[in-house]
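Numbering (my numbering), first residue to last: 3 to 326.
Beta carbons: idealized from backbone N, C-alpha and C, even for Gly.
Note that the coordinates shown come from a computational prediction; the quantities given were computed from them, not determined experimentally.
Worksheet: the structure to be examined is printed underneath.
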Amino acid sequence: MSHTVLNGVAQDIVLRAATEEDHEALIALEGTAPNAGAELLQARRNFFARTDAYPSSRVLVVEQDGVVVGVECVAMTEVRVAGGHRKTAYSFNTRVLPGLQRRRLGPSMLEAAEQWAVDQGASYLTGLIKTSNSPSMKMVTSLGWQTIGRFDYLVLDLARFEPDGTPRAVQFDLYRDPHLMRLRLAAVQSHHFVPVFLERELFSPPPDGAYTGSWTAGERTGTAWLSLWDDRPSRGLDPFAFRAVKAFDVMMEGPEALDAFTNLAGVLRLHGVRQLLVPLPAESAACAMLRPFAEEIVDLNFVVKCLDDSGPVPPGPLFFDIRH
Numbered sequence: 003m004s005h006t007v008l009n010g011v012a013q014d015i016v017l018r019a020a021t022e023e024d025h026e027a028l029i030a031l032e033g034t035a036p037n038a039g040a041e042l043l044q045a046r047r048n049f050f051a052r053t054d055a056y057p058s059s060r061v062l063v064v065e066q067d068g069v070v071v072g073v074e075c076v077a078m079t080e081v082r083v084a085g086g087h088r089k090t091a092y093s094f095n096t097r098v099l100p101g102l103q104r105r106r107l108g109p110s111m112l113e114a115a116e117q118w119a120v121d122q123g124a125s126y127l128t129g130l131i132k133t134s135n136s137p138s139m140k141m142v143t144s145l146g147w148q149t150i151g152r153f154d155y156l157v158l159d160l161a162r163f164e165p166d167g168t169p170r171a172v173q174f175d176l177y178r179d180p181h182l183m184r185l186r187l188a189a190v191q192s193h194h195f196v197p198v199f200l201e202r203e204l205f206s207p208p209p210d211g212a213y214t215g216s217w218t219a220g221e222r223t224g225t226a227w228l229s230l231w232d233d234r235p236s237r238g239l240d241p242f243a244f245r246a247v248k249a250f251d252v253m254m255e256g257p258e259a260l261d262a263f264t265n266l267a268g269v270l271r272l273h274g275v276r277q278l279l280v281p282l283p284a285e286s287a288a289c290a291m292l293r294p295f296a297e298e299i300v301d302l303n304f305v306v307k308c309l310d311d312s313g314p315v316p317p318g319p320l321f322f323d324i325r326h
């Protein structure tokens, strides 16, 4: 992308694609956002780690007098919506240097991201915004976005779980177990925005992906299941010092589901994990059970904009892509 003067803003402000030379400025800009959410969710030394996790992505920066003052990330993925295959763009990491928020830089970057998404054939543009971030919600609403769901991103403190006796859980590698893989894929096929290539994109082990196995534990009348997404190496974080790992594909069933999950938590603690970063639908039973064990909760609106006359998203469960 060549330098582009943004409409409706000062002539000394231009939009362009980010380069590796912008890395230090982007990391600095990352730390200026007051509504970014839990620090553990945002931590990284490699700014481009999140966009690199997608097959196709773009990082846009706004520059004023040679200084990066804004950034917008957008990534493409193929998903299912209402049973059909759709290309969808995910917008994230929108940042504007404090003091410049009223210069229409945010809307201009989102409009540029939307145009890139349309050029890629996207039917929808999605995003996640903290429910308390009123300025951003007002901005996207004015641009035609709608809120269609809510997730709570839980930062679970595993020390708060107290198993009775020695915790026990069984580890599986779904990548090597086709039967279990089919069961897990079938469990989310009715969800909107589940990746079409879910097995390859979210259940691929390193070095191609960050899937590091699944765990299950059971009680007489309850079971718990989760998969781990360990992207600490790609984010430039030391796994021996940074002990927070992302969990997805969470399932809790039965009256003793919490007891089963407590066993999972205990086993993961024995493996050196201190915190689990778990996104769950805000109204789900699993979220209600686990919320008391969270040291921090980031409540997020799932927002979407329909592109190129694509129809609205029908009611139904939404899939949270752990790469988000």
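Spatial distance of ALA330 from VAL69 (CA atoms): No information on residue 330 is available, as it lies outside the stretch 3 to 326 that the chain covers here.
Please classify PRO197: is it buried, with 16 or more other beta-carbons within 10 angstroms of its beta-carbon, or exposed? If you number the sequence shown from 1, residue 197 lands on position 195. Buried is the call here.
How many Å lie between GLY313 and ARG88 at the Cα? Along the sequence shown, read from residue 1 onward, the residue named residue 313 stands at position 311. Along the sequence shown, read from residue 1 onward, the residue named residue 88 stands at position 86. Rounded to whole angstroms, the gap between the alpha carbons of GLY313 and ARG88 is 11 Å.
If the criterion is Cβ atoms closer than 9 Å, does the pair PHE250 and VAL81 meet it? Taking the sequence shown and counting its residues from 1, the one referred to as residue 250 is at position 248. Taking the sequence shown and counting its residues from 1, the one referred to as residue 81 is at position 79. Their beta carbons are not under 9 Å apart, which means PHE250 does not touch VAL81 by this criterion.
Which residue's Cα is closest to the Cα of TRP217: ILE324, TRP231, GLY211 and LEU200? Position 215 of the sequence shown, counting from 1, holds the residue named residue 217. Out of ILE324, TRP231, GLY211 and LEU200, TRP231 has the C-alpha closest to the C-alpha of TRP217.
CB ALA84 to CB ARG325, shorter than 9 Å? The residue you call residue 84 lines up with position 82 of the sequence shown. The residue you call residue 325 lines up with position 323 of the sequence shown. Not in contact: ALA84 and ARG325 (Cβ atoms no closer than 9 Å).
Anticipated Cβ contact below 8 Å, ARG306 with LEU130, distance rounded: As a working note, residue 306 is residue 304 in the sequence shown. As a working note, residue 130 is residue 128 in the sequence shown. The question names Arg, yet the displayed sequence has Val at residue 306. Not a contact, Cβ separation roughly 10 Å.
Given that a residue counts as buried once 16 or more other Cβ atoms are within 10 Å of its Cβ, and exposed if not, what is VAL247? The count along the sequence shown starts at 1 and reaches residue 247 at position 245. Buried: at least 16 other Cβ atoms inside 10 Å.
The beta strand (DSSP E) enclosing ALA30, as first and last residue numbers: Counting from one through the sequence shown, the residue named residue 30 turns up at place 28. No beta strand (DSSP E) contains ALA30, which is instead part of the alpha helix (DSSP H) from 25 to 32.
With the cut-off set at 9 Å, would you say ASP159 and PHE244 are in Cβ contact? The count along the sequence shown starts at 1 and reaches residue 159 at position 157. The count along the sequence shown starts at 1 and reaches residue 244 at position 242. Their beta carbons are not under 9 Å apart, which means ASP159 does not touch PHE244 by this criterion.
Which same chain residues end up closer than 7 Å to VAL190 when comparing Cβ atoms and leaving out the 5 residues on each side of it in sequence? Your numbering for residue 190 matches position 188 in the sequence shown. Excluding sequence neighbours, VAL190 sits near VAL196 and PHE321.
Mark GLU203 as exposed unless 16 or more other C-beta atoms lie within 10 angstroms of its C-beta, in which case mark it buried. Counting from 1 along the sequence shown, the entry for residue 203 is found at position 201. The residue in question, GLU203, is buried, as its Cβ has 16 or more Cβ neighbours within 10 Å.
Between the alpha carbons of ARG18 and ASP24, how many angstroms are there, rounded? Here the question's residue 18 lines up with position 16 in the sequence shown. Here the question's residue 24 lines up with position 22 in the sequence shown. Spanning the two alpha carbons is a distance of roughly 11 Å.
Through-space distance from GLN66 to GLY86, alpha-carbon basis: Stepping through the sequence shown from its first residue, residue 86 is reached at position 84. Stepping through the sequence shown from its first residue, residue 66 is reached at position 64. The alpha-carbon atoms of GLY86 and GLN66 are separated by roughly 42 Å.
Does the beta-carbon distance from ASN48 to ARG184 come in below 9 Å? If you number the sequence shown from 1, residue 48 lands on position 46. If you number the sequence shown from 1, residue 184 lands on position 182. Inclusion of ASN48 and ARG184 in the CB contact set at 9 Å is not warranted, their separation being larger than that value.
So, using beta-carbon positions, are LEU107 and GLY72 closer together than 9 Å? Within the sequence shown, numbered from 1, the residue matching residue 107 stands at position 105. Within the sequence shown, numbered from 1, the residue matching residue 72 stands at position 70. It is a contact, given that the beta carbons lie within the stated cut-off.
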